[in-house]
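Comments concern the structure below.
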Amino acid sequence: MMQKIKPLDHLILIAGVLFLIAPVVMALMSSTHTPTDIHSNGLYLTPGSHGGETYRKVLTHKGGFTGDVTGLRMLMNSMIMGIGFAVGKIVLSMMAAYALVYFRFRFATILFWMIFTTLLLPLEVRIMPSYQVMSTLGLLNTYTGLIVPLLASATGTFFFRQFFRSVPDELLEAARIDGAGPFKFFIDILVPLSRTMMAAIFIIMFIYGWNQYLWPLLMTTDETFYTLMRGIKSILQVWIGSQIPDYNEAFALAVLAMIPPVAVVVIFQRMFIKGLTESDK
Amino acid sequence: MAHLSLRGVGKTYAGSTQPAVSGIDIEIEDGEFIVLVGPSGCGKSTLLRMVAGLETITDGEVRIGDRLVNKLDPAERDIAMVFQNYALYPHMTVRDNMAYGLKNRGESRQVIEERVAEAARMLELGPYLDRKPRALSGGQRQRVAMGRAIVRQPAAFLFDEPLSNLDAKLRVSMRMEIRKLQKRLATTSLYVTHDQLEAMTLADRLVVLNGGRVEQIGAPLEIYRSPASTFVASFIGAPAMSLLDARIEGGGIVLEGHRLGRADCAEGPVTLGLRAEDLRISDQGLPFVVEHVEELGAQRIVHGVVGGQPLAVIDTSERQLPGKVLVAVDPARLHLFDTMSGRRIEASRAPVLEGAV
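Keeping their order, the protein sequence lines are chains A and B.
Taking the working numbering, the leading residue of the first sequence gets 1, the next gets one more, and so forth.
Taking the working numbering, the leading residue of the second sequence gets 282, the next gets one more, and so forth.
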């Protein structure tokens with residue numbers, strides 16, 4: 001059956017799309033112009049002729065004070081942060097939730113609420129003690145130091161706990177009769193059942209890790225640990241004499257920085273929706 | 282293949298003073314089909330789960346074969362269980378669902394394949410082996426759940442209301458299938474249901490539970506014909522047996538001023554049980570005021586009152602019923618219960634002429 005087209009609805013939708021896409025297009029287009037043009041003429045909505053050159057430079061040019069950090073390096077660092085965060089948080093919070101839901105131990109509920117209240121405390125509140133611990137452990141300027149202190153996730157634990165509680169008890173009982181111990185039940189039954197949940201948490205946590213700025217800024221002084229977020233910032237900080245900041249490069253980096261999270265969302269969203277519609281629970 | 286014995290089995294939940302189940306003694310023969318029946322909350326599922334090992338046993342002992350299994354894990358008890366909501370692993374295919382327990386037991390791939398194929402053939406699940414449970418209908422899922430039990434070749438099957446989630450028609454056909462399958466495999470089975478019809482049709486022996494205690498154990502017909510208490514009498518059989526207040530006077534049963542038969546038990550009040558099919562509308566007997574009629578096709582159930590007490594009568598005629606009729610009682614088919622304890626009174630009865638006192 002043909003849906004009747006309502007012009008007003010479409011107008012609103014198109015306006016919304018334009019509103020959301022305009023800054024992205026602007027960043028993409030501006031990145032293909034020279035910094036001088038941008039400085040004198042403002043931002044562009046039309047493609048320029050310096051695109052290839054800018055992106056090549058951004059990805060391969062050795063920049064920074066030490067002159068040995070490239071865009072590719074920063075991309076890799078951000079990737080390590082994003083994936084390390086997402087995977088680590090999923091593993092850790094699944095195990096925590098498994099313990100909270102399936103094992104009977106004293107104070108489990110209180111423990112859960114204690115974990116839950118840490119949601120109220122953002123990283124910034126504990127950033128100094130965390131820094132000190134890492135510094136004492138000699139983990140400054142390491143990926144371990146960048147990732148591990150932020151892995152404990154109340155959000156993830158909460159989501160997995162709620163999900164595990166919705167898994168029917170009979171499944172656990174059937175598994176017990178089938179001879180599956182706690183470990184087997186977790187790996188064979190719960191993990192596959194949680195796939196959609198894992199996809200959802202992966203999206204959230206990857207982007208969270210990808211966008212980290214303050215923590216890497218504190219933890220790393222070595223420029224080889226630069227992430228894209230810091231790269232963008234450092235390009236715009238070059239304000240020496242009459243030098244014009246490389247706006248085009250900053251925009252190019254921003255565009256590059258957008259691609260992996262978008263890809264993650266696109267890939268996992270499909271799995272996420274598939275899981276939601278196919279599951280029969 | 283094993284006999285199952287429950288001796289003084291009881292369960293008191295932590296933090297509760299009242300036992301949920303207590304003093305259960307049942308000896309189950311090898312290959313026997315036992316149905317635990319009772320209203321919700323009577324402890325039948327708890328009892329089954331204690332046998333399965335999903336609940337701890339706080340009193341008594343459970344033996345499967347010659348092994349005391351009180352402290353054993355469910356997987357070590359050599360039992361298989363079929364759950365009400367099937368409890369199939371949603372992410373596994375039918376084949377993997379059935380094979381999972383065997384894999385965990387470390388059976389060889391060849392054995393697993395053979396057993397799964399055999400179970401699939403028996404349950405006509407062949408075409409569905411590679412499907413996920415969500416692509417199956419309720420009846421098919423129930424079959425898979427049974428298949429999962431069969432492949433284990435356990436000492437006993439435990440069924441926890443397996444048909445409750447199916448529609449009425451499917452329930453009847455699955456019931457017969459379960460029965461046939463159990464006879465063919467000759468595996469000792471313990472089956473929990475609240476549906477007395479299911480209980481009657483499936484069981485070799487019925488165990489009627491009430492409030493965590495056994496009310497009566499016996500063959501379905503035996504229980505139907507001589508219920509041990511008013512509880513059993515009203516629970517087994519549809520329509521439920523009518524229970525009326527009567528008296529024993531001068532060696533006879535007197536109901537609302539009408540003498541029904543002789544009973545040589547203590548004088549005083551008794552509870553009189555009358556099954557609807559043992560009564561017939563006649564030209565003599567108890568005056569019965571018709572209130573409403575349930576037409577069932579082959580017969581109809583006439584509900585009404587005798588002197589203020591409700592009574593149901595089965596009538597197979599199709600004639601129009603007047604508002605007041607007479608109901609004849611077969612004196613050999615009366616059930617007498619102690620009014621205070623509700624226990625059955627076995628009294629020798631002899632037919633006498635009915636009539637007003």
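Each residue gets a CB set at the ideal place from its N, CA and C atoms; glycine is no exception.
Item	Value
Collapsed DSSP secondary structure at F569 of chain B in the structure displayed	strand
Distance, Y409 of chain B Cα to H372 of chain B Cα	15 angstroms
Ordered list of alpha helix (DSSP H) runs contained in the stretch 336–412 of chain B, each at least 4 residues	375–386 and 390–403
CB contact below 7 angstroms: P300 of chain B versus chain A	no
Chain-order list of residues whose beta-carbon lies under 8 angstroms from that of A333 of chain B (same chain, five-residue window excluded)	P355, R358, I360, M362 and L439
Own chain, CB closer than 7 angstroms to V101 of chain A, minus 5 neighbours either side, in chain order	R161, F164 and R165
Meets three-Cβ-pair contact criterion under 8 angstroms: the stretch 203–216 of chain A and the stretch 249–261 of chain A	yes
Residue-level contact to chain B via CB, L190 of chain A, 7 angstroms cutoff	no
Through-space distance from D246 of chain A to S31 of chain A, alpha-carbon basis	10 angstroms
Simplified DSSP assignment, three categories, for I244 of chain A	coil
8 angstroms CB neighbourhood of E405 of chain B in its chain, flanking five on each side removed	R424
Terminal residues of the alpha helix (DSSP H) in which T474 of chain B lies	Element bounds for T474 of chain B: not the alpha helix (DSSP H) but the beta strand (DSSP E), T469 to T474.
V343 of chain B classed as buried or exposed, judged by whether at least 16 other C-beta atoms fall within 10 angstroms	buried
Any chain A beta carbon closer than 7 angstroms to G382 of chain B	yes
Residue environment, S40 of chain A, which counts as buried when at least 16 other CB atoms sit within 10 Å	exposed
Cβ-based burial, S598 of chain B [other Cβ within 10 Å; buried from 16]	exposed
Residue range of the alpha helix (DSSP H) that includes N77 of chain A	G71 to Y102
Minimum C-alpha distance to L119 of chain A - residue among A:G48, A:F251 and A:T155	A:T155
Identity of the residue in B:L451, B:Q590, B:S622 and B:E576 nearest L648 of chain B by Cα	Here chain B covers residues 282 to 638 and nothing more, so residue 648 of chain B does not appear.
Cβ-Cβ distance between T620 of chain B and P520 of chain B below 7 angstroms	no
Proximal residues of chain B, C-beta to C-beta of P216 of chain A below 7 angstroms	The premise fails here: P216 of chain A is roughly 38 angstroms from chain B at the closest Cβ pair, so nothing lies under 7 angstroms.
Residue-chain proximity (Y294 of chain B, chain A), Cβ-Cβ < 7 angstroms	no
Touching by the beta-carbon criterion (3+ pairs, under 8 angstroms), the stretch 323–337 of chain B and the stretch 391–402 of chain B	no
Residue burial classification, H642 of chain B (beta-carbon count within 10 angstroms, cutoff 16)	It is not possible to answer for residue 642 of chain B, since the shown part of chain B is limited to 282 through 638.
Beta-carbon proximity of G179 of chain A to N351 of chain B, cut-off 7 angstroms	no
8 angstroms Cβ shell around Q580 of chain B - same chain, five flanking residues per side excluded	I595, D596 and T597
Residues of its chain near V473 of chain B, where Cβ-Cβ distance is below 7 angstroms and the 5 sequence neighbours each way are ignored	L317, K325, S326, L329, F440, D441 and E442
C-alpha distance - A174 of chain A paired with L447 of chain B, whole-angstrom precision	20 angstroms
Straight-line Cα distance separating M427 of chain B from Q365 of chain B	11 angstroms
Buried or exposed (CB count within 10 angstroms, at least 16 for buried), A283 of chain B	buried
Burial state of L615 of chain B (16 or more Cβ within 10 Å)	buried
F160 of chain A, enclosing alpha helix (DSSP H) - first and last residue	A154 to S166
Under 9 angstroms by beta carbon: chain B residues contacting A180 of chain A	A356, Y381, G382 and N385
Beta carbon proximity, G366 of chain B to chain A, threshold 7 angstroms	Correcting the residue identity first, residue 366 of chain B is Asn in this sequence and not Gly. Yes, N366 of chain B counts as interfacial toward chain A.
Buried/exposed call for R625 of chain B, threshold 16 Cβ in 10 Å	buried
Same chain, Cβ closer than 7 angstroms to M74 of chain A, five either side skipped, listed in chain order	Y226, T227, L228 and G231
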